[in-house]
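Shown next, in structure tokens, is the structure this report addresses.
Chains as they are written, first to last, in the working numbering: chain A, 1 to 520; chain B, 521 to 881.
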């Protein structure tokens, strides 16, 4: 007898539908699995055999061949157990094959027949829906994830017998069609939101006026930001607040981000799409693969998990240089393409890079009464930052040590919501300006278009000419400065870049080694 | 000359070399003296003489001297008139002095300037200004080519069109620190770099205190710009006092760590620098009134607007961060940025570090 069941594998963050076929024919009793399988998929044989036995189904004493096709794609992951088991059951006519046509199923089997969650269910369900399959059988823990796909009927199962019961008798343990959530559900969702960590808000941040403003400019033009300051000056706090002033994510962005989290197994038992912009802060010991993604079977890295949000690199100088250099391509292209012999994988990586570092080894540098670093130590410290990475950071700002009154005073600081309104306005101006071009934000203006978008008046040109000489700017730093000035003008609602915008942009200009020479 | 090079290169104290010289008259005399004669002279310990004899045996005087000539480095010894007269006076004056450039002439009056390697903005500005003023008034500036005050003093002297000398703690053919390569070359063109160490000697920490005695030894007056409580500059000041030279110190606020050393020097009796002009009049023994104040500052200040004056008054010679000034002035950030930008353009303040500004005058 022959049977066929659809299942899916994750490739990058997208999924591909594949078929698990079973044929049972007379011959010596062998259980063979073929189809370019990785070792965890080969092991499915033992799990399936035992699970079937423990559920009371005996394998026929015949030759059983399982093929997962197409055979050209390497099969990885533990989600094949359930489809293989079901296709064997269909081939032995325990389950009627006709039932299996519109179905896609994934799940890992335990030896007792229990079904355990797998990664990437959201991505698989999306792929299924694109291929016209409208029913998904998924592990119970993954059922919410799958039900986020519109028009998808999701059957969450926790035991093999439940699957058989559903397929033969239509008995459902928990079936979910994607409908508007009932009152009870939305109440439950709200509860979950409340359980989330309260979002950082600029209202709780005292002092640091320049840093606050720099964050606003950074969010408005998607400029990468570098914060420089002694320990405990609020750099991490500011970075955490940054996602709260980015505009809310739209449905597409939410879906894409949720997909990445699902593939990485980070979706957990969330009851909705991820709707908050991500804030990722990997520890500086992270490997290059952990940061940008990769591996033999490429999986997304931190930069993809920060897609649409903020990637915060605290203690920038402590990161390995080659790790940071891996960020160069994704920072330019907002995505990362990883080539492997099995094909090339593209991961989205559209994030704002926020980095923080101390000004020197001890952290107190221009305060000479506390800093004891020698000039050599300072030179070495600065030498550790990768210049190509610095070149991709538009805004650099100092976060000075707070004094007592700043810490204790109960100022009514502007809240993130208010700042966000201005940011959204500035982004709207950019959308209008870049209509019909591939440019999305000011930070992405290519150098050849700078005269078009960042033209200066006579007075402003003269100012920049002076600055060019006195600050020792280069063509690149000059262009960066103009882009930042453009964003500041957008925040101001101004069509032309004015003198005050340029002056502010000069305050945010990038670091260079000279900063450490002219001691305070 | 080759014997002089031999004696300079021979290991041993300068005092011993001087004694031998007084007995045998010249380096050649020392070289050609018999072992018995050397021992009989009873000028120096026997161990030293053994070393000297060893130096005589292992050295091919002519060959080594030819190799030295290839290096284009000058050598002046106590036996020559070109040897700086003031240096001759000091205890432990080196027998030979290597140099690149031209040595100070007899009539030239030199002033030593030393200070912290990482000075404050106040120290930086004052060092440069004083060195420039001294150069303009015909003084030469002697310092140590180190980062910070040393380098700025050399630069100040050069920008004042004067001559300047750098005493190194390594061979005269080595530029240390490397960052001062440009400065090193311009000092050679407008003065000299001097060293008591053989060409090729690497910069070693213990050389530096020793070279400090040459910095003060070359000059009648030593100025200490900024020094922490335990600073190498204070060693120079001590040498200057030992050598019977005058020490001037730049005062600072008692709370500034960089002025701790200089303030203590003043307390111990060093002359206090009250103003650049006062310093110069002291040097030239002229009444202070002969110099008029810095008028450019007042002129620059005239063109400021009210808000900028307010911001300017918040700044100090010690760098302050933008946030600090914002807090003090109470201005809006955008207005503050405009004012700061204007002040920078006027040359009244400058950015010393990322978003930190200090007054220049």
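Ideal placement from N, C-alpha and C gives every residue a C-beta, glycine not left out.
Kindly say whether residue 369 of chain A, judged by its beta-carbon, lies nearer than 7 Å to any beta-carbon of chain B. yes
Contact set between the segment 216-234 of chain A and chain B, restricted to residues whose Cβ is under 8 Å from the partner: 228
Buried or exposed: which applies to residue 147 of chain A, given that a residue is buried once 16 or more other Cβ atoms fall within 10 Å of its Cβ? buried
Could you check whether residue 45 of chain A and residue 31 of chain A sit closer than 7 Å to each other, using their CB atoms as the reference points? yes
For residue 841 of chain B, would you say it is in contact with chain A, using Cβ-to-Cβ distances shorter than 7 Å as the test? yes
Give every residue of the same chain whose Cβ lies closer than 6 Å to the Cβ of residue 112 of chain A, excluding the five residues on either side of it in the sequence, and list them in chain order. 54
Given a limit of 7 Å on CB to CB distance, which residues of the segment 848-864 of chain B reach chain A? 853, 854, 857, 858 and 861
Checking contacts by CB at 7 Å: is residue 830 of chain B closer than that to chain A? no
Verify whether the separation of the beta carbon atoms of residue 230 of chain A and residue 364 of chain A is less than 7 Å. yes
Are the CB atoms of residue 641 of chain B and residue 782 of chain B within a distance shorter than 7 Å? no
Look at the alpha carbon of residue 685 of chain B and the alpha carbon of residue 465 of chain A, and state the distance between them as a whole number of angstroms. 37 Å
Strand pairing of residue 686 of chain B, partner residues [DSSP]: B:663 and B:713
Within the same chain, show all residues whose beta-carbon is closer than 7 Å to that of residue 839 of chain B, passing over the 5 residues directly before and after it, in chain order. 641, 872, 873, 876, 877 and 878
Cβ-based contacts, 7 Å cut-off: residues of the segment 672-689 of chain B near chain A: none
Could you check how far apart the C-beta atoms of residue 691 of chain B and residue 717 of chain B are, in whole angstroms? I think they sit under 8 Å. 5 Å
Note down, in chain order, all residues in the segment 483-509 of chain A with a beta-carbon under 7 Å from any beta-carbon belonging to chain B. 500, 503, 504, 506 and 507
By a C-beta neighbour count over all protein chains shown, 10 Å radius and 16 as the cutoff for buried, is residue 573 of chain B buried or exposed? exposed
Short Cβ contact (7 Å threshold) for residue 736 of chain B with residue 651 of chain B: no
For residue 520 of chain A and chain B, any beta-carbon pair shorter than 7 Å? Its pLDDT being 36, under 50, residue 520 of chain A is placed unreliably by the model, and nothing is read from it.
Is DSSP giving residue 106 of chain A helix, strand or coil here? coil
Let me know the alpha helix (DSSP H) ranges lying completely inside the segment 131-170 of chain A, each 4 residues or longer, listed in chain order. 143-147 and 160-169
Rounding to the nearest angstrom, what Cα-Cα distance links residue 649 of chain B and residue 796 of chain B in this structure? 8 Å
Is residue 417 of chain A near the ligand GDP - that is, is its Cβ less than 6 Å away from at least one heavy atom of it? As presented, the structure is devoid of all ligands, the ligand GDP included, so that no description of it is given.
Residue-chain proximity (residue 209 of chain A, chain B), Cβ-Cβ < 7 Å: yes
Given this structure, state the Cα-to-Cα distance separating residue 852 of chain B from residue 665 of chain B, to the nearest angstrom. 44 Å
Establish whether the CB of residue 247 of chain A and some CB of chain B are separated by less than 7 Å. no
Note down, in chain order, every chain A residue with its Cβ under 8 Å from the Cβ of residue 846 of chain B. 209 and 210
Sorted by chain position, which residues of the same chain lie with C-beta nearer than 7 Å to residue 808 of chain B's C-beta, five sequence neighbours on each side aside? Unreliable placement is indicated for residue 808 of chain B, whose pLDDT of 43 sits below 50; the coordinate value is still reported in the next sentence. Excluding sequence neighbours, residue 808 of chain B sits near 797, 798 and 801.
Every unbroken alpha helix (DSSP H) inside the segment 196-269 of chain A [4 residues or more]: 209-221, 235-245 and 251-263
State yes or no: is the beta carbon of residue 873 of chain B nearer than 7 Å to at least one beta carbon in chain A? yes
With DSSP collapsed to three states, give me the class of residue 458 of chain A. helix
Mind checking residue 627 of chain B: buried by the 16 CB within 10 Å criterion, or exposed? exposed
Quick one: any contact between the segment 264-278 of chain A and the segment 317-325 of chain A, if contact means 3 or more CB pairs under 8 Å? no
Closest residue to residue 584 of chain B among B:621, B:527 and B:559 (Cα-Cα distance): B:527
Residue 156 of chain A and residue 10 of chain A look like a contact to me (Cβ under 8 Å); what is the Cβ gap, rounded to whole Å? Residue 156 of chain A to residue 10 of chain A, Cβ: 19 Å. No contact.
With a cut-off of 7 Å, does the C-beta of residue 422 of chain A fall near any C-beta of chain B? no
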